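K.L.:
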Amino acid sequence: MALLKLHSSPTLVIYSANTATELELPLLPFTFSAGFPSPALDFVDLNIDLNKHLIEHPAATFYGRVQGESMRGAGINNGDLLVIDKSIEPADGKIAVCYIDGEFTLKRIKIDKSGIWLMPENDSYKPIKVEEHHNLEVWGVVTFIIKKPL
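Letter by letter, the sequence shown follows residues 490 to 639 in the working numbering.
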């Protein structure tokens, strides 16, 4: 999964998704207990291609590296890698990369009677009410979050 940097801002670095390559990785044929340990199998006979698993619309899919903590409550932390699909229709409750007034931001979309809001998932940040004078483009919807373990 090669990445080509397309844009960098204080809140997000955007990369293109290169799906021309296939890389099948071993997929363990069992689940992992998050409680008590369970016996594991001694062999692996399944494979997974992450391009096929994570990317439904290759021509419309990009990656974005998060810079900041405004979405921490949604489990999205500084340094996480997002899979972003531009072909998915933005909707209430979706987490999306938004381009507002010349800046990229990552927020949850909230649509109610009072209008459209871009909602952070961290009380240290304020919601953004989208007004008529704002120039808003919902750039893409987040479909997966790729994290590094702590």
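Note that CB positions come from ideal geometry on N, CA and C, so glycine has one too.
Predicted model, so just to flag it, every value in this text is computed and none were measured.
How far does the alpha helix (DSSP H) with residue 540 in it reach, from first residue to last?
P.N.:
Here residue 540 refers to the residue found at position 51 of the sequence shown. Element bounds for residue 540: 539-543.
K.L.:
Could I get the ranges of all uninterrupted beta strand (DSSP E) runs contained in the stretch 553-620, with 3 residues as the minimum, in chain order?
P.N.:
Entirely contained in the stretch 553-620, the beta strand (DSSP E) runs reaching 3 residues are, in chain order, 570-574, 584-589, 592-601, 604-608.
K.L.:
Apply the 10 Å Cβ neighbour rule to residue 506 and answer buried if 16 or more other Cβ atoms are within range, or exposed otherwise.
P.N.:
Here residue 506 corresponds to residue number 17 of the sequence shown, with the count starting at 1. Under this definition residue 506 is a buried residue.
K.L.:
In terms of alpha-carbon separation, which member of 575, 561, 538 lies closest to residue 569?
P.N.:
Residue 569 sits at position 80 when you count from the first residue of the sequence shown. It is 561 whose Cα lies nearest to the Cα of residue 569.
K.L.:
Could you check the C-alpha separation between residue 623 and residue 536 for me, to the nearest Å?
P.N.:
Here residue 623 refers to the residue found at position 134 of the sequence shown. Here residue 536 refers to the residue found at position 47 of the sequence shown. Rounded to whole angstroms, residue 623 to residue 536 spans 46 Å at the Cα level.
K.L.:
Hey, quick one: how far does the beta strand (DSSP E) through residue 505 stretch, first residue to last?
P.N.:
Locating residue 505 in the sequence shown gives position 16, counting from the first residue. Per DSSP, residue 505 belongs to the beta strand (DSSP E) from 501-506.
K.L.:
Residue 585 and residue 630 look like a contact to me (Cβ under 8 Å); what is the Cβ gap, rounded to whole Å?
P.N.:
Locating residue 585 in the sequence shown gives position 96, counting from the first residue. Locating residue 630 in the sequence shown gives position 141, counting from the first residue. Going by Cβ atoms, the distance from residue 585 to residue 630 rounds to 5 Å, so yes, they are a contact pair.
K.L.:
Return the first residue and the last residue of the beta strand (DSSP E) that residue 510 is part of.
P.N.:
Here the question's residue 510 lines up with position 21 in the sequence shown. Residue 510 -> no beta strand (DSSP E), and no H or E assigned at all.
K.L.:
Would you mind working out which of 601, 541, 607 sits nearest residue 626, comparing C-alpha positions?
P.N.:
Locating residue 626 in the sequence shown gives position 137, counting from the first residue. The option with the nearest alpha carbon to residue 626 is 607.
K.L.:
Tell me whether residue 451 is buried or exposed, calling it buried when 16 or more other Cβ atoms sit within 10 Å of its Cβ.
P.N.:
It is not possible to answer for residue 451, since the shown part of the chain is limited to 490 through 639.
K.L.:
Per DSSP, which one or two residues make a beta bridge with residue 624?
P.N.:
Along the sequence shown, read from residue 1 onward, the residue named residue 624 stands at position 135. Partner(s): none; residue 624 has no beta bridge.
K.L.:
Which value, in whole angstroms, describes the spacing of the CA atoms of residue 618 and residue 590?
P.N.:
For the purposes of this step, residue 618 is identified with residue 129 of the sequence shown, where counting begins at 1. For the purposes of this step, residue 590 is identified with residue 101 of the sequence shown, where counting begins at 1. About 13 Å.
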